[in-house]
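Here the structure is laid out as C-alpha coordinates; the discussion comes afterwards.
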Amino acid sequence: MHPQYQKAIKLRLAGKSYGEIAKTLDVSKGSFSLWFKNLKLPKSAQKLLEEKMRIAREHGLFENNRRRTQAIKIENKKVRQIAANEVKPLSKYELLLIGAALYWAEGYNRQDKVPSPYISFGNSNPDMVVLFLRFLREVMQISEKKLRPIVQIHKNIKPESAINFWAKITSIPQKSFRVTHQASRASKGKRPYNSLPYGTFKLNVIGRQNFFKIKGWIDGLVRQT
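For reference, each letter of the sequence shown is one residue, going 0 to 224 in numbering that gives the first Met the number 0.
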(Lines of atoms letter the chains of each structure in order from A; the text may use other names.)
(Lines give C-alpha, C1' and ligand atoms only; values in the text may rest on other atoms or scores of the structure.)
Protein backbone atom coordinates (compact mmCIF):
# COMPACT_ATOMS: atom_id res chain seq x y z
CA MET A 0 0.00 0.00 0.00
CA HIS A 1 1.32 3.40 -0.95
CA PRO A 2 2.10 5.54 2.13
CA GLN A 3 -0.04 8.39 0.78
CA TYR A 4 -3.02 6.20 -0.12
CA GLN A 5 -5.17 6.95 2.96
CA LYS A 6 -4.48 10.68 2.74
CA ALA A 7 -5.43 10.63 -0.91
CA ILE A 8 -8.73 8.89 -0.09
CA LYS A 9 -9.57 11.52 2.54
CA LEU A 10 -8.80 14.37 0.17
CA ARG A 11 -10.91 12.80 -2.57
CA LEU A 12 -13.85 12.33 -0.20
CA ALA A 13 -13.48 16.01 0.69
CA GLY A 14 -14.06 16.91 -2.97
CA LYS A 15 -10.48 17.52 -4.04
CA SER A 16 -9.60 17.10 -7.72
CA TYR A 17 -6.87 14.83 -9.05
CA GLY A 18 -4.66 17.83 -9.64
CA GLU A 19 -5.15 19.21 -6.14
CA ILE A 20 -4.41 15.83 -4.54
CA ALA A 21 -1.31 15.26 -6.67
CA LYS A 22 0.02 18.69 -5.77
CA THR A 23 -0.73 18.28 -2.05
CA LEU A 24 0.76 14.80 -1.67
CA ASP A 25 3.39 14.98 -4.42
CA VAL A 26 1.98 11.85 -6.03
CA SER A 27 1.54 11.07 -9.71
CA LYS A 28 -2.05 11.34 -10.93
CA GLY A 29 -1.58 8.03 -12.73
CA SER A 30 -2.17 6.16 -9.46
CA PHE A 31 -5.54 7.74 -8.72
CA SER A 32 -7.64 5.87 -11.27
CA LEU A 33 -6.82 2.62 -9.43
CA TRP A 34 -7.07 4.06 -5.91
CA PHE A 35 -10.42 5.74 -6.46
CA LYS A 36 -11.93 3.07 -8.73
CA ASN A 37 -14.50 1.82 -6.20
CA LEU A 38 -14.66 4.95 -4.08
CA LYS A 39 -18.18 6.28 -3.59
CA LEU A 40 -18.20 10.02 -3.07
CA PRO A 41 -20.72 11.82 -0.88
CA LYS A 42 -23.06 14.28 -2.64
CA SER A 43 -21.22 17.25 -1.17
CA ALA A 44 -17.96 16.06 -2.72
CA GLN A 45 -19.67 15.32 -6.05
CA LYS A 46 -21.19 18.81 -6.19
CA LEU A 47 -17.87 20.39 -5.32
CA LEU A 48 -16.07 18.45 -8.04
CA GLU A 49 -18.79 19.24 -10.59
CA GLU A 50 -18.45 22.94 -9.80
CA LYS A 51 -14.68 22.75 -10.18
CA MET A 52 -15.10 20.99 -13.53
CA ARG A 53 -17.57 23.64 -14.69
CA ILE A 54 -15.20 26.44 -13.76
CA ALA A 55 -12.32 24.62 -15.44
CA ARG A 56 -14.34 24.19 -18.64
CA GLU A 57 -15.33 27.86 -18.67
CA HIS A 58 -11.78 28.94 -18.00
CA GLY A 59 -10.55 26.62 -20.72
CA LEU A 60 -13.09 28.01 -23.17
CA PHE A 61 -12.15 31.56 -22.23
CA GLU A 62 -8.46 30.77 -22.56
CA ASN A 63 -8.98 29.06 -25.92
CA ASN A 64 -10.97 32.05 -27.17
CA ARG A 65 -8.29 34.43 -25.92
CA ARG A 66 -5.56 32.45 -27.64
CA ARG A 67 -7.57 32.21 -30.85
CA THR A 68 -8.30 35.94 -30.81
CA GLN A 69 -4.61 36.68 -30.29
CA ALA A 70 -3.63 34.29 -33.08
CA ILE A 71 -6.12 35.94 -35.44
CA LYS A 72 -4.74 39.39 -34.59
CA ILE A 73 -1.21 38.21 -35.34
CA GLU A 74 -2.34 36.61 -38.60
CA ASN A 75 -4.25 39.75 -39.65
CA LYS A 76 -1.22 41.91 -38.94
CA LYS A 77 1.01 39.60 -40.97
CA VAL A 78 -1.40 39.56 -43.92
CA ARG A 79 -1.61 43.36 -43.83
CA GLN A 80 2.18 43.76 -43.69
CA ILE A 81 2.70 41.39 -46.62
CA ALA A 82 0.05 43.21 -48.65
CA ALA A 83 1.59 46.60 -47.83
CA ASN A 84 4.98 45.39 -49.06
CA GLU A 85 3.40 44.36 -52.36
CA VAL A 86 2.77 48.03 -53.19
CA LYS A 87 5.87 49.40 -54.89
CA PRO A 88 6.74 53.09 -55.41
CA LEU A 89 4.07 54.66 -57.60
CA SER A 90 4.82 55.70 -61.13
CA LYS A 91 3.42 59.00 -62.37
CA TYR A 92 0.81 57.12 -64.39
CA GLU A 93 -0.27 55.03 -61.39
CA LEU A 94 -0.54 58.19 -59.31
CA LEU A 95 -2.70 59.71 -62.05
CA LEU A 96 -5.12 56.78 -61.89
CA ILE A 97 -5.25 56.88 -58.10
CA GLY A 98 -5.84 60.63 -58.03
CA ALA A 99 -8.63 60.38 -60.60
CA ALA A 100 -10.24 57.52 -58.66
CA LEU A 101 -10.01 59.47 -55.40
CA TYR A 102 -11.69 62.48 -56.97
CA TRP A 103 -14.34 60.25 -58.51
CA ALA A 104 -15.10 58.89 -55.03
CA GLU A 105 -14.52 61.90 -52.79
CA GLY A 106 -14.61 64.97 -55.03
CA TYR A 107 -17.48 67.21 -55.98
CA ASN A 108 -18.35 65.98 -59.47
CA ARG A 109 -21.25 68.27 -60.36
CA GLN A 110 -19.12 71.36 -60.88
CA ASP A 111 -19.69 71.05 -64.63
CA LYS A 112 -23.23 72.31 -63.97
CA VAL A 113 -21.92 75.74 -62.90
CA PRO A 114 -20.45 78.50 -65.13
CA SER A 115 -16.93 78.34 -63.65
CA PRO A 116 -16.24 74.80 -62.40
CA TYR A 117 -13.24 73.98 -60.21
CA ILE A 118 -11.76 71.02 -58.36
CA SER A 119 -13.37 70.54 -54.94
CA PHE A 120 -12.18 67.64 -52.78
CA GLY A 121 -12.89 66.88 -49.13
CA ASN A 122 -12.02 64.19 -46.60
CA SER A 123 -11.15 63.74 -42.93
CA ASN A 124 -8.48 61.06 -43.49
CA PRO A 125 -5.04 62.74 -43.41
CA ASP A 126 -3.36 60.00 -45.45
CA MET A 127 -5.94 60.26 -48.22
CA VAL A 128 -5.62 64.04 -48.26
CA VAL A 129 -1.82 63.82 -48.54
CA LEU A 130 -2.05 61.31 -51.40
CA PHE A 131 -4.52 63.48 -53.30
CA LEU A 132 -2.31 66.54 -52.82
CA ARG A 133 0.62 64.56 -54.12
CA PHE A 134 -1.46 63.82 -57.23
CA LEU A 135 -2.27 67.52 -57.67
CA ARG A 136 1.33 68.61 -57.22
CA GLU A 137 3.23 65.88 -59.06
CA VAL A 138 0.80 64.86 -61.82
CA MET A 139 -1.27 67.97 -62.45
CA GLN A 140 1.52 70.39 -61.57
CA ILE A 141 -0.94 72.63 -59.71
CA SER A 142 0.53 75.88 -58.44
CA GLU A 143 0.37 76.38 -54.67
CA LYS A 144 -1.25 79.76 -55.36
CA LYS A 145 -4.32 77.99 -56.75
CA LEU A 146 -4.96 75.92 -53.60
CA ARG A 147 -7.83 77.14 -51.43
CA PRO A 148 -7.91 75.04 -48.23
CA ILE A 149 -10.93 75.04 -45.93
CA VAL A 150 -11.42 73.29 -42.59
CA GLN A 151 -14.97 72.30 -41.65
CA ILE A 152 -15.32 71.83 -37.90
CA HIS A 153 -17.88 71.34 -35.17
CA LYS A 154 -18.30 74.27 -32.82
CA ASN A 155 -16.56 72.41 -29.98
CA ILE A 156 -13.26 72.38 -31.92
CA LYS A 157 -10.80 75.25 -31.68
CA PRO A 158 -10.17 76.69 -35.17
CA GLU A 159 -6.49 77.34 -34.41
CA SER A 160 -5.93 73.70 -33.47
CA ALA A 161 -7.62 72.40 -36.62
CA ILE A 162 -5.76 74.81 -38.91
CA ASN A 163 -2.42 73.97 -37.30
CA PHE A 164 -3.06 70.25 -37.76
CA TRP A 165 -4.05 70.43 -41.43
CA ALA A 166 -1.37 72.97 -42.28
CA LYS A 167 1.29 70.52 -41.07
CA ILE A 168 -0.35 67.60 -42.88
CA THR A 169 -0.70 69.41 -46.21
CA SER A 170 2.35 71.71 -46.13
CA ILE A 171 0.04 74.62 -46.93
CA PRO A 172 0.64 77.89 -45.01
CA GLN A 173 -1.81 78.53 -42.17
CA LYS A 174 -2.62 81.97 -43.57
CA SER A 175 -4.17 80.29 -46.63
CA PHE A 176 -6.81 78.48 -44.58
CA ARG A 177 -10.30 79.52 -43.74
CA VAL A 178 -12.69 77.79 -41.34
CA THR A 179 -16.38 76.98 -41.52
CA HIS A 180 -18.57 75.46 -38.80
CA GLN A 181 -20.74 73.58 -41.23
CA ALA A 182 -20.74 69.78 -40.95
CA SER A 183 -21.21 67.83 -44.17
CA ARG A 184 -24.74 66.75 -44.98
CA ALA A 185 -23.66 63.11 -45.16
CA SER A 186 -22.37 63.09 -41.57
CA LYS A 187 -24.81 65.52 -39.99
CA GLY A 188 -26.59 63.87 -37.10
CA LYS A 189 -24.81 60.55 -37.65
CA ARG A 190 -21.36 61.06 -36.14
CA PRO A 191 -20.58 61.81 -32.48
CA TYR A 192 -19.61 65.48 -32.15
CA ASN A 193 -16.06 64.56 -31.09
CA SER A 194 -15.39 61.89 -33.74
CA LEU A 195 -13.39 64.32 -35.92
CA PRO A 196 -11.05 66.16 -33.53
CA TYR A 197 -9.59 68.27 -36.35
CA GLY A 198 -12.65 68.49 -38.56
CA THR A 199 -12.79 67.76 -42.28
CA PHE A 200 -10.30 69.12 -44.78
CA LYS A 201 -11.73 70.57 -47.97
CA LEU A 202 -9.66 71.79 -50.88
CA ASN A 203 -10.81 73.94 -53.76
CA VAL A 204 -8.48 74.38 -56.72
CA ILE A 205 -8.93 77.31 -59.05
CA GLY A 206 -9.01 76.47 -62.75
CA ARG A 207 -11.76 75.30 -65.07
CA GLN A 208 -9.39 73.26 -67.24
CA ASN A 209 -7.98 71.42 -64.23
CA PHE A 210 -11.48 70.27 -63.32
CA PHE A 211 -12.27 69.00 -66.80
CA LYS A 212 -8.90 67.26 -67.04
CA ILE A 213 -9.76 65.16 -63.98
CA LYS A 214 -13.24 64.55 -65.37
CA GLY A 215 -11.64 63.30 -68.57
CA TRP A 216 -9.44 60.88 -66.66
CA ILE A 217 -12.52 59.64 -64.83
CA ASP A 218 -14.21 59.15 -68.21
CA GLY A 219 -11.22 57.04 -69.16
CA LEU A 220 -11.68 54.92 -66.06
CA VAL A 221 -15.36 54.50 -66.85
CA ARG A 222 -14.44 53.04 -70.23
CA GLN A 223 -12.65 50.24 -68.41
CA THR A 224 -15.85 49.05 -66.75
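No residue lacks a Cβ here, since even glycine has one placed at the ideal position from N, Cα and C. Bear in mind the structure is a predicted one, so any value in this text is a computation, not a measurement.
Pair within 8 Å by beta-carbon distance, residue i and residue j
i: His1; j: Ser32; result: no
i: Ile168; j: Gly198; result: no
i: Arg207; j: Ser115; result: yes
i: Val150; j: Phe200; result: yes
i: Glu137; j: Leu101; result: no
i: Leu130; j: Ile171; result: no
i: Pro148; j: Phe176; result: yes
i: Gln5; j: Val26; result: no
i: Arg67; j: Phe35; result: no
Simplified DSSP assignment, three categories, for residue i
i: Phe31; result: helix
i: Asn203; result: strand
i: Ala13; result: coil
i: Gln3; result: coil
i: Val26; result: coil
i: Gly198; result: coil
i: Gln223; result: coil
Supposed close pair residue i, residue j - CB separation, criterion 8 Å
i: Leu220; j: Ala99; result: 6 Å
i: Asn209; j: Met139; result: 6 Å
i: Ile152; j: Val128; result: Not really, about 15 Å apart at Cβ, beyond 8 Å.
i: Gly14; j: Leu38; result: Not really, about 12 Å apart at Cβ, beyond 8 Å.
i: Ile213; j: Ile118; result: 6 Å
i: Ser123; j: Leu195; result: 5 Å
i: Tyr225; j: Lys28; result: Nothing about residue 225 can be read from this structure; the chain reaches only from 0 to 224.
i: Leu24; j: Ala44; result: The pair is not a contact, with the Cβ atoms about 17 Å apart (cut-off 8 Å).
i: His180; j: Lys154; result: 5 Å
Residue i: CB within 7 Å of a non-hydrogen atom of the ligand FAD
i: Ser30; result: Among the ligands in the structure shown, none appear at all, so the ligand FAD cannot be discussed.
* **Within the stretch 104-179, ranges of the alpha helix (DSSP H) (whole runs, at least 4 residues)** => 125-133, 158-169
* To do: Let me know the beta strand (DSSP E) ranges lying completely inside the stretch 28-104, each 3 residues or longer, listed in chain order.
  => none
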